[in-house]
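Residue numbers (the UniProt record's numbering): 1 to 207.
By construction, the Cβ of each residue, glycine as well, lies at the ideal position given by its N, Cα and C atoms.
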């Protein structure tokens, strides 16, 4: 599904990634592990089209990213994002937050996703009224609402306790089992063992 060939990137001469080669198949659950500054978030950003690499090639279903004319439209159709900070809008309910991500989506489809994530009873709650783990599940619902082919998650459990972190990873694993490709950047090596494959990023290279 995703193929990277000789990806390299730097920030004003400071090397972040060097000659990354990677193939990710449909439905795989991939974890990129590494310490802060290792390059894992840079790699995730490039794979998800949020950052353009300085060198190398990247393709999605054999389509070169450089040939995609409208990246915003491409992301909306194919990619879901989950971040360490959920970025929910506090003055909107959870249902409204998810609806905002796809205003054409039918209400029953949103409720179906809420039920999948076991937060259907929270649809009328505001983000400030629920726990961090519940907010992150709402963020996952928002990522799922466009039926993405691939989900990218950057430290999705960074602000969660161990119990909620485990729940979030189990949800991501279940999504991959149903055919959604899931790629997670995390420093938590214990949680990463739930993935199909683990790639360690160290000094800008895959180990």
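Closest to residue 67 by C-alpha separation, out of 19, 31, 52, 38, would be which residue? Residue 67 sits at position 67 when you count from the first residue of the chain shown. For residue 67, the nearest C-alpha among the options comes from 52.
Q) What's the C-alpha gap between residue 174 and residue 156? A) To locate residue 174, count along the chain shown from 1; it is residue 174. To locate residue 156, count along the chain shown from 1; it is residue 156. The straight-line gap from Cα to Cα measures roughly 16 angstroms.
| Residues near residue 119 by beta carbon distance below 8 angstroms, same chain, minus five either side | The residue given as residue 119 occupies position 119 in the chain shown. Taken in chain order, the residues that qualify are 94, 134, 137, 138, 141.
Check your understanding: So, are the CB atoms of residue 181 and residue 150 less than 8 angstroms apart?
Key -> Residue numbering aside, residue 181 sits at position 181 when the chain shown is read from its first letter. Residue numbering aside, residue 150 sits at position 150 when the chain shown is read from its first letter. A contact, by the Cβ cut-off of 8 angstroms.
Checklist entry - Roughly how many angstroms lie between the CA atoms of residue 196 and residue 29, to the nearest whole one? => result To locate residue 196, count along the chain shown from 1; it is residue 196. To locate residue 29, count along the chain shown from 1; it is residue 29. Using only the alpha carbons, I get a separation of about 5 angstroms.
* To do: State the Cα-Cα distance for the pair residue 63 and residue 183, rounded to the nearest angstrom.
  => Looking up residue 63 in the chain shown gives position 63. Looking up residue 183 in the chain shown gives position 183. So the alpha carbons of these two residues sit roughly 19 angstroms apart.
Identify whether residue 22 lies in helix, strand or coil by the three-state DSSP scheme. For the purposes of this step, residue 22 is taken as the residue at position 22 of the chain shown. Residue 22: strand per DSSP, three-state reduction.
Under the three-state reduction of DSSP, which class applies to residue 126: helix, strand or coil? As a first step, residue 126 must be located in the chain shown, where it is residue number 126. Residue 126: coil per DSSP, three-state reduction.
- [ ] Measure the C-alpha to C-alpha separation of residue 191 and residue 167 and round it to an integer number of angstroms.
- [x] Mapped onto the chain shown, residue 191 falls at position 191. Mapped onto the chain shown, residue 167 falls at position 167. Their backbone Cα atoms lie some 10 angstroms apart in a straight line.
ask   = Rounded to a whole number of angstroms, what is the C-alpha to C-alpha distance between residue 73 and residue 162?
value = In the chain shown, residue 73 corresponds to position 73, counting from 1. In the chain shown, residue 162 corresponds to position 162, counting from 1. So the two alpha carbons sit approximately 36 angstroms from each other.
Hey, quick one: how far does the beta strand (DSSP E) through residue 72 stretch, first residue to last?
Looking up residue 72 in the chain shown gives position 72. Here residue 72 belongs to no beta strand (DSSP E); instead the alpha helix (DSSP H) covers 71–78.
- [ ] Can you tell me the Cβ-Cβ gap for residue 32 and residue 43, rounded? I've got them flagged as a contact below 8 angstroms.
- [x] As a position in the chain shown, residue 32 is number 32, starting the count at 1. As a position in the chain shown, residue 43 is number 43, starting the count at 1. Contact flag correct, Cβ pair sits at about 6 angstroms.
Which one or two residues does DSSP pair with residue 59 in a beta bridge?
Along the chain shown, read from residue 1 onward, the residue named residue 59 stands at position 59. Answer by DSSP bridge pairing, in chain order: 3, 64.
By alpha-carbon positions, which one of 123, 102, 159 ends up nearest to residue 145?
Locating residue 145 in the chain shown gives position 145, where the first residue counts as 1. With distances taken between Cα atoms, residue 145 lies closest to 102.
For this session: Determine the direct distance from the alpha carbon of residue 25 to that of residue 112, and round the result to whole angstroms.
Result: As a working note, residue 112 is residue 112 in the chain shown. As a working note, residue 25 is residue 25 in the chain shown. Residue 112 and residue 25: Cα-Cα distance of roughly 27 angstroms.
field: Exposed unless 16 or more other CB atoms sit within 10 angstroms - verdict on residue 153
entry: Within the chain shown, numbered from 1, the residue matching residue 153 stands at position 153. Buried: at least 16 other Cβ atoms inside 10 Å.
If you follow the beta strand (DSSP E) that residue 32 is part of, which residue opens it and which one closes it? Numbered from 1 along the chain shown, position 32 holds the residue referred to as residue 32. Residues 29–33.
Item checked: Pair within 8 angstroms by beta-carbon distance, residue 127 and residue 90 -> Residue numbering aside, residue 127 sits at position 127 when the chain shown is read from its first letter. Residue numbering aside, residue 90 sits at position 90 when the chain shown is read from its first letter. Going by C-beta atoms, residue 127 is nearer than 8 angstroms to residue 90.
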